[in-house]
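Colleague:
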Amino acid sequence: MAQPLSLPRLPRKATIATVAALALLAAGAALWAQVEGDRGIAPIASSGDIDVGGIEVDVRGDNAEDAREKGWREAQRKAWEKLGGPDIPDGQLQGLVVAVVIEHESIGPRRYVARLGVTFDRGRAGALLGASGRGPNSAPMLLVPVTRSAGTYMVYEARNPWQRAWAEYQTGSSRINYVRPSGAGGDSLLITYGQANRRSRTWWRNVLDQFSASDVLVPIAHLDYKWPGGPIEGRFTARYGPDNTYLGSFTMTAEGPEQLQPMLDQAVLRMNTIFERAYAEGKLRPDPTLDLGTVEADSALQRLIELGRSAQARDQAEAAAREAALTDGLAPANGATPPPGAAQVASYLVQFATPDAGAFDASISAVRAAPGVRSAAVTSTAIGGHSVMSVGFAGSIEQLAEALRARGFTVRQSGNVISISR
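In mature numbering (1 follows the signal peptide of the UniProt record, and there is no 0), the protein residues as written are -32 to -1, 1 to 390.
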């Protein structure tokens, strides 16, 4: 009679450890893939020239080349009229043109149908237009282009047409000072759709500092594919600021996948118009609460801040007194001099778990409130992972670890680096 073959069972702890190790390796591989994947579109260099796009022409000529030349001249005249320029000869007008951008064209034996863009030299055309001074540009605005399609949101996780439209947009003629990340490397982890819905000023300030920006603009493109190869409806919404404030919206439709990118290019122009109008109306002023060093507040709030600072100074003085008493109590009985520099401020790296923005803010506040801590500056932000701060502490790293344990943290020490969690 056949006997069943029994295999030795792994111990329960060994099994759990193996599964945990495999999960950790999988998570690490996924994170590495997200950072090192083939993504990112470098934005084109911007100039100060005047760009006019979306000029439609439909002309005929003796042959294809003649029709195309006539089409370009007509596009230049239409673009000049669109800018409100005075009547000038074609020869003089052509001298103002820097480039003609072909957005789409169809060439026949004697016919030329196209959508063109015309770029004028600002120095030469500005005097004729009477608009050489268009007013100051906005403060640097971080651009977060969000795409929603098939129920999912995307920013820089993968290359997408909405990202490309903004990367290829010539911003020189806009009053908005766009800061456009390429989306490569860690940009896909730092800038996500979830970021647009966060309210934490500390978190936002750290993100904006990474790109030397003052505030944020969020253009959202909701793309609805009716059927494969069919029309694509685009619903576009403009938002800005850490509170995700609504500015405006509009809809456009592409007849098919081939017309999607041209539609998005036109949507970028309309988005820029919304942002420029909001800037002219004074809506795009950088949020003062993002400037953590110089927050403008009313007198009542300022009084509360002053009271809080006074209480903090009093607590720090009491903590310093307790530390001094503790140091005196631990002094050698034979009167030996304590080692020099024992109370000097040293800098240590502290790694802290930040599963969400709330934990990020709470950890920073708790560390800054620990006795002996003189400063705490974030050097690396990773919401959903582990962030790093540089802590100035009056004492040794062992004393810092004890101070953090007293604040309720679980502390692990490795050399000159401390890892904390709750």
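For glycine and all other residues, C-beta sits at the position ideal for the given N, C-alpha and C. Note that this is a predicted model, so its numbers are computed, not measured.
1) In whole angstroms, give me the CA-to-CA distance for residue 385 and residue 365.
2) When we look at the beta-carbon of residue 163 and count the other beta-carbons within 10 Å, is it buried (16 or more) or exposed?
3) Is it buried or exposed for residue 183, if we count other Cβ within 10 angstroms and need 16 for buried?
4) Decide if residue 130 is buried, meaning its Cβ has at least 16 other Cβ atoms within 10 Å, or exposed.
5) Spatial neighbours of residue 137 within its chain, please: C-beta separation below 6 Å, excluding the five flanking residues on both sides.
6) Taking its Cβ as the centre, do 16 or more other Cβ atoms sit within 10 Å of residue 214, making it buried, or is it exposed?
7) Hey, quick one: how far does the alpha helix (DSSP H) through residue 319 stretch, first residue to last?
8) Round the Cβ separation of residue 220 and residue 229 to the nearest angstrom and send it over; I've been treating them as touching at under 8 Å.
9) For residue 226, does the count of other Cβ atoms within 10 angstroms reach 16, so buried, or fall short, so exposed?
10) Give me the Cβ distance between residue 73 and residue 85, rounded to the nearest whole Å; I'm assuming they're in contact under 8 Å.
11) DSSP state of residue 24, grouped into three classes?
12) Rounded to a whole number of angstroms, what is the C-alpha to C-alpha distance between residue 119 and residue 328?
13) Roughly how many angstroms separate the alpha carbons of residue 340 and residue 373, rounded to a whole number?
14) In angstroms with no decimal places, state the Cα-to-Cα distance between residue 356 and residue 9.
15) Is residue 239 near residue 187, with beta carbons less than 8 Å apart?
16) Does the structure place the segment 33 to 42 close enough to the segment 163 to 179 that three or more beta carbon pairs sit under 8 Å?
17) Going along the chain, which residues of its own chain have a beta-carbon closer than 8 Å to the beta-carbon of residue 176, five neighbours each way excluded?
18) I think residue 360 touches residue 315, with their Cβ atoms under 8 Å apart; what is that distance to the nearest whole Å?
19) How would you write the range of the beta strand (DSSP E) that residue 345 sits in, first residue to last?
20) Report yes or no: is there a C-beta of chain D within less than 8 Å of the C-beta of residue 378?
21) Check whether the segment 43 to 59 and the segment 186 to 205 are in contact - that is, three or more C-beta pairs closer than 8 Å.
22) Would you mind sorting residue 248 into buried or exposed? The rule is 16 or more other CB atoms within 10 Å of its CB.
23) So, for residue 325: in the same chain, excluding its five sequence neighbours on each side, which residues have a beta-carbon less than 7 Å away from its beta-carbon?
24) Distance check for residue 158 and residue -4, CA to CA, integer angstroms please.
25) Which ranges would you report for the beta strand (DSSP E) in the segment 136 to 219 if only whole runs of at least 3 residues count?
26) Taking 8 Å as the cut-off, decide whether the C-beta atoms of residue 243 and residue 206 are in contact.
Modeller: In short, the structure shows the following:
1) It is roughly 8 Å from the alpha-carbon of residue 385 to the alpha-carbon of residue 365.
2) With 16 or more other Cβ atoms from the protein chains shown falling within 10 Å of its own Cβ, residue 163 counts as buried.
3) With 16 or more other Cβ atoms from the protein chains shown falling within 10 Å of its own Cβ, residue 183 counts as buried.
4) Residue 130 is classed as buried because its beta carbon has at least 16 other beta carbons within 10 Å across all chains shown.
5) Counting only residues of its own chain and dropping the five nearest sequence neighbours on each side, residue 137 has a CB closer than 6 Å to the CB of 236.
6) The residue is exposed, with fewer than 16 neighbouring Cβ atoms inside 10 Å.
7) First-last for residue 319: 313 to 322, but that is the beta strand (DSSP E), not the alpha helix (DSSP H).
8) At roughly 12 Å, the Cβ-Cβ gap does not stay under 8 Å, so residue 220 and residue 229 are not in contact.
9) By the Cβ neighbour-count rule, residue 226 is exposed, with fewer than 16 other Cβ atoms within 10 Å of its own.
10) The C-beta distance from residue 73 to residue 85 rounds to 12 Å, too long to fall under 8 Å, and the pair is not in contact.
11) Of the three classes helix, strand and coil, the one that applies to residue 24 here is strand, per DSSP.
12) The alpha-carbon atoms of residue 119 and residue 328 are separated by roughly 29 Å.
13) So the alpha carbons of these two residues sit roughly 13 Å apart.
14) Near 28 Å, if we compare the C-alpha coordinates of residue 9 and residue 356.
15) Result yes, Cβ atoms of residue 239 and residue 187 sit closer than 8 Å.
16) They do not touch, by the three-pair rule.
17) Apart from sequence neighbours up to five positions away, the residues of its chain that approach residue 176 with a beta-carbon distance below 8 Å are 110, 182, 183, 184, 258, ordered along the chain.
18) The Cβ separation is near 5 Å, so the contact holds.
19) That run of the beta strand (DSSP E) goes 341 to 348.
20) Here chain D cannot be found, since the structure has a single protein chain.
21) A contact between stretches requires three or more CB pairs, one per stretch, nearer than 8 Å, and the segment 43 to 59 fails this requirement with the segment 186 to 205.
22) The residue is exposed, with fewer than 16 neighbouring Cβ atoms inside 10 Å.
23) Result list for residue 325: 166, 168, 171, 351, in chain order.
24) Because residue -4 sits at a pLDDT of 47, beneath the cut-off of 50, its placement in the model cannot be relied upon, and the following sentence gives the value as read from the coordinates. The straight-line gap from Cα to Cα measures roughly 18 Å.
25) Counting whole runs of 3 or more residues, the segment 136 to 219 contains the beta strand (DSSP E) stretches 183 to 193, 200 to 208.
26) Taking 8 Å as the cut-off, the beta carbon of residue 243 is found closer than this to the beta carbon of residue 206.
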